[in-house]
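J.: Residue numbers (my numbering): 5 to 546. Right, I'll just put the structure down here and ask away after.
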């Protein structure tokens, strides 16, 4: 069994081991020199010495060779007891080969060894999906540049390549927009935070703020690019827009003065219904201005606008919105949102970008064909199936498999690992699926410790769903490789969910969601931390 996560497409074990020591030499063809240098840095970080770079593959012990026949993100590792050859057509493929070599050598487990040993192996590897994503919500809780860079490192280690960055919502605006400074001076600051559960109105009245400057964004985007990770920003519109309206009340239908939400439903009765006005030209100008600045920071050909959970009560009462419905011959407010989406999509197209939104955006008619719905809802959505049948692209983040903020008792590890499109009625037109994405919403994730707990070992399962061919997947075999991998997470300081808690049963699946949503969103995490403390005490006594 080759202990790599995600499992390679094809592999075979050979006899013997290849040893890396301070006499090992390394070579790379020019276009793969970047990958060679990363490998040299990796060995130095572990062993304390640098491999000798030479100019000939014939005499080198490790060689990075350009092979144009390899897929863009694919690679071959041909390792004998004498030599290692890495073949790739791009830096991305070579980078992923290095991640596999790291795991084969257990390089992240050993403290200053004199050498590293890699079992002889032949690997031919390439990804299942083009889009292998992870979403982090930083509106509810803000983690900062170093935490994001650390997460990007872990994504690259798992061969994930899309970081979906949820930067704005009702509870906070987290990105600097120079033309609209109140978005951060006002929209990034809330007076308190709902902390217990959606069903509990417990507010910690401590001001909460934080945002990324444009210089910080540029640095993080460049950092991600070196790891073959594309960052897709999400700026929510028309709903989840309260932080923007708090900064500029004229963006709403009735110019209401509000504050960023401290909780799920807002600060006052009925506030949850607030929404960007779709009947004002000034609203669209604001959106276009924000897109202009954000697009300059993120070169990705995608731009996420959210679009989910959009209440229409204010639109029904707003004269300006009703005027647009009449003038554009729209059927209702759902079509008004489609009209809004189309205007934004066309604006993005002029910048070479495609609009992405949660699958509720499909409720309106006559959507631009370039739009990409991201299928998250727990309930089946036949509109997604119809969109795929018509040739439209989709991204899959089904709640039942990929919502990592939920309790493991509700979304156990095997439900993530065993995801297939067929389970959700997407057996036809699978070629339209760009890929899959895990989602981490942070209403109840205030710390790095909690973030790690919710993500690991789910990130390992997601990586395998996104990368490994379906005919190579086996959950029980995955658990054996995961058992070998967990010490690496320990060494990296990642606090993962204890393995006895990652599975569930019918009773847990029925009652844990009720407890999580109505009473205490932290019950599972607290139990896990108690278990870890008992384990440490027992270990110290022994």
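Backbone N, C-alpha and C define an ideal beta-carbon position, used for all residues, glycine too.
Under three-state DSSP, which class holds residue 83?
T.: Looking at residue 83 - three-state DSSP - the assignment turns out to be strand.
J.: Helix or strand or just coil, what does DSSP make of residue 119?
T.: In this structure, residue 119 counts as coil in the three-state DSSP scheme.
J.: On a CA-only basis, which of 486, 529 and 501 is nearest residue 448? Give me that one, please.
T.: Here the closest residue by C-alpha is 529.
J.: In this structure, what does DSSP give as the bridge partners for residue 358?
T.: In DSSP, residue 358 forms a bridge with 306.
J.: Identify the continuous alpha helix (DSSP H) that holds residue 319 and give its terminal residues.
T.: 317-321 is the extent of the alpha helix (DSSP H) around residue 319.
J.: Could you tell me which uninterrupted alpha helix (DSSP H) segments, each at least 4 residues in length, are contained entirely in the segment 174-253, listed from first to last along the chain?
T.: Listed in chain order, the complete alpha helix (DSSP H) runs (minimum 4 residues) inside the segment 174-253 are 186-189, 218-230 and 246-251.
J.: What are the start and end residues of each continuous alpha helix (DSSP H) run of 4 or more residues lying completely inside the segment 485-532, in chain order?
T.: Counting only runs of 4 or more, we get 510-522.
J.: Starting from residue 347, trace the alpha helix (DSSP H) both ways and give me its first and last residue.
T.: From DSSP, the alpha helix (DSSP H) with residue 347 extends over 337-353.
J.: Determine, using beta carbons only, whether residue 39 and residue 95 come nearer to each other than 9 Å.
T.: Contact: yes.
J.: Can you grab the Cα-Cα spacing for the pair residue 58 / residue 44, in whole Å?
T.: Their backbone Cα atoms lie some 12 Å apart in a straight line.
J.: Please determine, among 154, 129, 161 and 71, the residue with the shortest C-alpha to C-alpha distance to residue 110.
T.: Comparing Cα-Cα distances from residue 110 to each of 154, 129, 161 and 71, the minimum goes to 161.
J.: Where residue 221 and residue 83 are concerned, what is the direct C-alpha to C-alpha distance, given to the nearest angstrom?
T.: Distance between the alpha carbons of residue 221 and residue 83: 39 Å.
J.: Sorted by chain position, which residues of the same chain lie with C-beta nearer than 6 Å to residue 372's C-beta, five sequence neighbours on each side aside?
T.: Closer than 6 Å at the Cβ level, and outside the excluded window around residue 372, lie 346 and 349.
J.: Go ahead and pull the three-state DSSP assignment for residue 44.
T.: Three-state DSSP puts residue 44 in a helix.
J.: Determine contact between the segment 504-524 and the segment 122-141, defined as no fewer than three beta-carbon pairs at a distance below 8 Å.
T.: Touching, no, given that fewer than three Cβ pairs across the two stretches are closer than 8 Å.
J.: Distance, Cα to Cα, residue 525 vs residue 479?
T.: Spanning the two alpha carbons is a distance of roughly 28 Å.
J.: Could you check whether residue 312 and residue 243 sit closer than 9 Å to each other, using their CB atoms as the reference points?
T.: Cβ atoms of residue 243 and residue 312: closer than 9 Å.
J.: Let's see if you can read the secondary structure: which residues bound the beta strand (DSSP E) around residue 167?
T.: 166-170 is the extent of the beta strand (DSSP E) around residue 167.
J.: Starting from the C-beta of residue 29, find all residues in its chain whose C-beta is less than 8 Å away, skip the five residues before and the five after it, and write them out in chain order.
T.: Once the five neighbours on either side are set aside, the close Cβ partners of residue 29 are 55, 56, 57, 58, 63, 64, 65 and 66.
J.: Ignoring anything shorter than 3 residues or poking outside the segment 364-419, list the beta strand (DSSP E) runs there in chain order.
T.: Correct list: 376-379 and 398-400.
J.: To the nearest angstrom, how far is the alpha carbon of residue 376 from that of residue 295?
T.: Roughly 17 Å between the two C-alpha positions.
J.: With a CB to CB cut of under 6 Å and the five nearest residues on each side skipped, what residues in its chain are close to residue 14?
T.: The residues are 128.
J.: Going by DSSP, what residue range makes up the beta strand (DSSP E) through residue 265?
T.: Note, residue 265: premise wrong, no beta strand (DSSP E); not H, not E.
J.: Quick check on residue 101: does DSSP put it in helix, strand or coil?
T.: Note: residue 101 maps to helix in three-state DSSP.
J.: Indicate the three-state DSSP secondary structure (helix, strand or coil) for residue 291 in the structure shown.
T.: Helix, per DSSP.
J.: Starting from the Cα of residue 41, find the closest Cα among 424, 230, 192 and 420 and give me that residue.
T.: For the residues 424, 230, 192 and 420, the minimum Cα distance to residue 41 belongs to 230.
J.: In the DSSP assignment, find the unbroken beta strand (DSSP E) run with residue 144 in it and report its ends.
T.: Unbroken run through residue 144: none, as it is neither H nor E.
J.: So what's residue 139 in DSSP terms, helix, strand or just coil?
T.: The answer is strand: DSSP assigns residue 139 an E or B state.
J.: Report the three-state DSSP secondary structure of residue 24 (helix, strand or coil).
T.: Three-state result, residue 24: strand.
J.: Among the candidates 398, 446, 413 and 453, whose CA atom is the shortest distance from the CA of residue 433?
T.: Of the listed residues, the one whose Cα sits closest to residue 433 is 398.
J.: Enumerated in chain order, which unbroken segments of the beta strand (DSSP E) with a length of 3 residues or greater are wholly contained in the segment 429-478?
T.: The qualifying runs are 437-444.
J.: Are there 16 or more other CB atoms within 10 angstroms of the CB of residue 144, so buried, or fewer, so exposed?
T.: Label assigned to residue 144: buried.
J.: Which term fits residue 104, buried or exposed, when burial requires 16 or more other beta carbons within 10 angstroms of its beta carbon?
T.: By the 10 Å Cβ count, residue 104 comes out buried.
J.: Applying the 10 Å Cβ sphere with the 16-neighbour rule, what's the burial state of residue 431?
T.: Exposed, since its Cβ has fewer than 16 Cβ neighbours within 10 Å.
J.: Whose C-alpha, out of 421, 204, 304 and 442, is nearest the C-alpha of residue 226?
T.: Answer by Cα proximity: 304.
J.: Report the rounded CA-to-CA distance for residue 241 versus residue 488, giving the unit in angstroms.
T.: If you take the alpha carbons of residue 241 and residue 488, they lie about 44 Å apart.
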